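Heads up: the sequence shown begins at 64 in the numbering used here, then just goes up one per residue.
Glycine included, every Cβ here is placed at the ideal spot set by N, Cα and C.
This one's a predicted model, so the numbers in the text were calculated from it and none came from an experiment.
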Amino acid sequence: MLSTALGRQIRINEVERLTQRGRRNLLLRCLTDPAPNLPSSFILKKIETKVYNPEDTASWETMRFFKDWVGAQFLSTISRRSNHSPHCYGGDRKLGFSMLEDLGTHSSLVEPLLAKDSNQAEKTLLKYATRLGQMHSDTIGRAAEFEALFHSISPTAQMSSLHMTSQAARLPIQAANGLNQCLQNLQARLESLGIQAESGLAQELASIVDAITNPGPFLAYVHADPCPDNEFDTGEELRLIDFEFGHFGHALIDAAYPRMIFPTCWCAGRLPHSIISQMETLYRTELSRGCPEAQDDSLFETALVKICGFCLLSTLIRHLEDALKRDRNWGIATVRQRVIARLEAFIDTSEQFAQLPRLRGMSSNLLELLRQRWPNTPQLPLYPAFRDR
Numbered sequence: 064m065l066s067t068a069l070g071r072q073i074r075i076n077e078v079e080r081l082t083q084r085g086r087r088n089l090l091l092r093c094l095t096d097p098a099p100n101l102p103s104s105f106i107l108k109k110i111e112t113k114v115y116n117p118e119d120t121a122s123w124e125t126m127r128f129f130k131d132w133v134g135a136q137f138l139s140t141i142s143r144r145s146n147h148s149p150h151c152y153g154g155d156r157k158l159g160f161s162m163l164e165d166l167g168t169h170s171s172l173v174e175p176l177l178a179k180d181s182n183q184a185e186k187t188l189l190k191y192a193t194r195l196g197q198m199h200s201d202t203i204g205r206a207a208e209f210e211a212l213f214h215s216i217s218p219t220a221q222m223s224s225l226h227m228t229s230q231a232a233r234l235p236i237q238a239a240n241g242l243n244q245c246l247q248n249l250q251a252r253l254e255s256l257g258i259q260a261e262s263g264l265a266q267e268l269a270s271i272v273d274a275i276t277n278p279g280p281f282l283a284y285v286h287a288d289p290c291p292d293n294e295f296d297t298g299e300e301l302r303l304i305d306f307e308f309g310h311f312g313h314a315l316i317d318a319a320y321p322r323m324i325f326p327t328c329w330c331a332g333r334l335p336h337s338i339i340s341q342m343e344t345l346y347r348t349e350l351s352r353g354c355p356e357a358q359d360d361s362l363f364e365t366a367l368v369k370i371c372g373f374c375l376l377s378t379l380i381r382h383l384e385d386a387l388k389r390d391r392n393w394g395i396a397t398v399r400q401r402v403i404a405r406l407e408a409f410i411d412t413s414e415q416f417a418q419l420p421r422l423r424g425m426s427s428n429l430l431e432l433l434r435q436r437w438p439n440t441p442q443l444p445l446y447p448a449f450r451d452r
């Protein structure tokens with residue numbers, strides 16, 4: 064595979080294991096014979112599961128491997144200005160592995176956020192925002208290429224799930240039906256808590272579903288899990304890794320992560336508003352290179368608030384029921400802290416841009432109720448890097 068990709072004979076003479084046993088992926092550093100103008104090592108990334116069947120595309124384990132491979136290979140072929148990810152040299156669907164560029168020892172956004180150097184953390188966050196904006200800009204208008212690559216690697220994969228595939232935007236009816244059912248269940252639970260839907264809330268929720276399933280000019284390749292540990296900081300730039308949730312969808316799903324407290328991440332904390340503002344300005348500048356519509360304040364702000372609403376609703380759908388019964392630790396914060404923090408973040412965003420007032424009202428009522436029920440839940444703190452700033 065490497066020999067074919069690089070156009071000359073490559074021989075691996077030593078292998079070093081990088082991951083501990085029990086992780087969902089096996090990472091091996093493969094050292095090769097020295098050769099002019101070629102890397103001296105590569106990373107083999109292999110799925111770790113009890114049963115791997117490349118034909119079982121209903122299996123999450125199978126699909127996460129394909130999506131990770133496809134995401135890395137797609138970004139390796141479309142980059143116009145910079146490297147969005149480690150270069151992917153190909154993979155083997157039968158054996159369940161891909162071959163990637165070796166970037167050295169993994170350093171991510173986690174380290175500066177959890178350290179005490181606010182300047183370094185700010186610098187790394189701005190690189191993060193720049194990378195997301197560049198990736199989205201470079202992939203707008205290229206959904207067909209992604210689809211073709213996906214089908215060349217996994218011909219039998221069915222692209223029909225909102226968060227599991229690249230084709231949510233192409234399947235608005237199926238995606239909307241699934242999300243609408245979740246929202247109906249959530250509304251019923253809120254009503255059982257005494258929180259009644261305001262007149263007009265249904266229309267606002269429908270507009271959020273429409274934004275997610277029909278991204279319009281914001282249709283781009285999204286990582287969908289751009290957590291602090293899913294980046295690789297080379298020093299000069301940040302590259303994205305781990306594309307197991309990657310798909311074509313609304314670009315601001317990724318862009319809203321810092322504002323909405325990194326929704327899918329163990330490493331969840333608050334950022335200063337000034338930092339979020341800088342990040343979004345940088346992101347928007349980069350996105351506008353491939354999406355001129357992002358320069359329109361009204362269009363961009365409306366889209367941002369709707370995606371923040373989607374992030375909040377996703378948190379409530381996933382976590383509210385269990386959080387009402389008990390709290391639990393997840394990484395550096397508890398689930399209840401996250402629920403409260405995302406309610407606060409959405410309310411602030413809705414007020415800032417004067418959008419989605421009915422959902423804001425519902426969120427305010429729920430926030431008041433939860434504060435009464437959870438009086439001992441502390442506020443989610445700023446990341447350590449910014450606590451003494």
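Item to complete: Would you mind stating whether residue 171 and residue 295 have Cβ atoms separated by less than 8 Å?
Response: Against the sequence shown, residue 171 aligns to sequence position 108. Against the sequence shown, residue 295 aligns to sequence position 232. Closer than 8 Å, so yes.
Item to complete: Under the assumption that residue 38 contacts residue 307 (Cβ atoms under 8 Å), give the Cβ distance between them as a whole number of angstroms.
Response: Outside the displayed range of the chain (64 to 452) lies residue 38, so it cannot be described from this structure.
Worksheet entry | Close beta carbons around residue 69, own chain, < 8 Å, minus the five adjacent residues each side | Translated into positions along the sequence shown, residue 69 becomes position 6. For residue 69, where only same-chain residues beyond five positions count, the Cβ hits under 8 Å are 101 and 152.
Discussion item. Check for me: the beta strand (DSSP E) holding residue 106 runs from which residue to which?
Written reply: For the purposes of this step, residue 106 is taken as the residue at position 43 of the sequence shown. Unbroken beta strand (DSSP E) run through residue 106: 104-110.
Item to complete: Give the single residue among 219, 370, 446 and 416 whose Cα lies nearest to the Cα of residue 315.
Response: Within the sequence shown, residue 315 is the residue found at index 252, counting from 1. Comparing alpha carbon positions, the residue from 219, 370, 446 and 416 closest to residue 315 is 370.
Discussion item. Going by C-alpha to C-alpha distance, which of 411, 444 and 293 sits closest to residue 169?
Written reply: Along the sequence shown, read from residue 1 onward, the residue named residue 169 stands at position 106. That would be 293, whose Cα lies nearest to the Cα of residue 169.
Worksheet item: So what does DSSP say about residue 93, is it helix, strand or coil?
Response: Translated into the one-based positions of the sequence shown, residue 93 becomes position 30. Of the three classes helix, strand and coil, the one that applies to residue 93 here is strand, per DSSP.
Fill in: C-alpha gap between residue 235 and residue 161, whole angstroms
On the sequence shown, residue 235 is found 172 positions in, with the first residue counted as 1. On the sequence shown, residue 161 is found 98 positions in, with the first residue counted as 1. Low confidence applies here, because residue 235 scores a pLDDT of 40, under 50, leaving its location unreliable and the question unanswered by this model.
Discussion item. So, at 6 Å on beta carbons, what are the nonlocal neighbours of residue 138 in its own chain, with the 5 sequence-adjacent residues on each side left out?
Written reply: By one-based count along the sequence shown, residue 138 stands at place 75. Excluding sequence neighbours, residue 138 sits near 147 and 148.
Worksheet item: Which first and last residues belong to the beta strand (DSSP E) in which residue 446 is found?
Response: Within the sequence shown, numbered from 1, the residue matching residue 446 stands at position 383. Unbroken run through residue 446: none, as it is neither H nor E.
Practice prompt. Go ahead and pull the three-state DSSP assignment for residue 77.
Written response: Counting from 1 along the sequence shown, the entry for residue 77 is found at position 14. In the structure shown, residue 77 adopts extended strand secondary structure according to DSSP, grouped into three states.
Worksheet item: When you compare only the Cα positions, how much space is there between residue 155 and residue 132?
Response: Here residue 155 corresponds to residue number 92 of the sequence shown, with the count starting at 1. Here residue 132 corresponds to residue number 69 of the sequence shown, with the count starting at 1. So the alpha carbons of these two residues sit roughly 10 Å apart.
Worksheet item: Once you ignore the five residues that flank residue 352 on each side, which residues in its own chain have a CB closer than 6 Å to its CB?
Response: In the sequence shown, counting from the first residue as 1, residue 352 sits at position 289. These residues qualify, in order along the chain: 200.
Worksheet item: Name the DSSP bridge partner or partners of residue 162?
Response: If you number the sequence shown from 1, residue 162 lands on position 99. Beta-bridge pairing links residue 162 to 107 and 153.
Worksheet item: Assuming residue 448 contacts residue 175 under a Cβ cut-off of 8 Å, what Cβ separation, rounded to an integer in Å, is found between them?
Response: Counted from its first residue, the sequence shown places residue 448 at position 385. Counted from its first residue, the sequence shown places residue 175 at position 112. With 8 Å as the limit, residue 448 and residue 175 qualify as a contact, their Cβ atoms being about 6 Å apart.
Fill in: Member of 439, 375 and 298 whose CA lies at the smallest distance from the CA of residue 422
Counted from its first residue, the sequence shown places residue 422 at position 359. Cα-wise, what sits closest to residue 422 is 375.
Practice prompt. Mind checking which residues open and close the alpha helix (DSSP H) that includes residue 283?
Written response: Mapped onto the sequence shown, residue 283 falls at position 220. No alpha helix (DSSP H) contains residue 283, which is instead part of the beta strand (DSSP E) from 282-285.
Worksheet item: Just curious, the beta strand (DSSP E) that residue 295 is in, first and last residue?
Response: In the sequence shown, counting from the first residue as 1, residue 295 sits at position 232. Here the beta strand (DSSP E) through residue 295 covers 294-296.
Worksheet item: Which residues in the same chain have their Cβ closer than 8 Å to the Cβ of residue 409, if we skip the five residues on either side of it in sequence?
Response: Reading the sequence shown from its first residue, position 346 is the one you call residue 409. Closer than 8 Å at the Cβ level, and outside the excluded window around residue 409, lie 323, 371, 372, 374, 375, 422, 423 and 426.
Worksheet item: What's the call for residue 368, buried or exposed, on a 16-neighbour Cβ count within 10 Å?
Response: Position 305 of the sequence shown, counting from 1, holds the residue named residue 368. Taking a 10 Å sphere around the C-beta of residue 368, we find 16 or more other C-beta atoms and assign the residue as buried.
Fill in: For residue 302: DSSP bridge partner residues
The residue given as residue 302 occupies position 239 in the sequence shown. Residue 302 pairs with 295.
Worksheet item: CA-CA distance, residue 104 and residue 74?
Response: For this step, residue 104 is matched to residue 41 along the sequence shown. For this step, residue 74 is matched to residue 11 along the sequence shown. Going from the Cα of residue 104 to the Cα of residue 74 covers about 10 Å.
Discussion item. With DSSP as the reference, identify every bridge partner of residue 397, one or two as the case may be.
Written reply: Residue mapping note: residue 397 aligns to position 334 of the sequence shown, counting from 1. Answer is 392.
Worksheet item: Under 8 Å between the Cβ atoms of residue 220 and residue 126?
Response: Position 157 of the sequence shown, counted from the first residue, corresponds to residue 220. Position 63 of the sequence shown, counted from the first residue, corresponds to residue 126. Contact flag set, yes.
Fill in: Distance between residue 178 and residue 157 (C-alpha atoms, nearest Å)
Counting from 1 along the sequence shown, the entry for residue 157 is found at position 94. Counting from 1 along the sequence shown, the entry for residue 178 is found at position 115. Roughly 42 Å separates the two Cα atoms.
Discussion item. Please give the ranges of any alpha helix (DSSP H) in the stretch 303-364, keeping only runs that are unbroken, at least 4 residues long and fully inside the region.
Written reply: 315-318 and 336-351
Worksheet entry | Which of helix, strand or coil DSSP assigns to residue 146 | Walking along the sequence shown from the start, residue 146 turns up at place 83. Coil, per DSSP.
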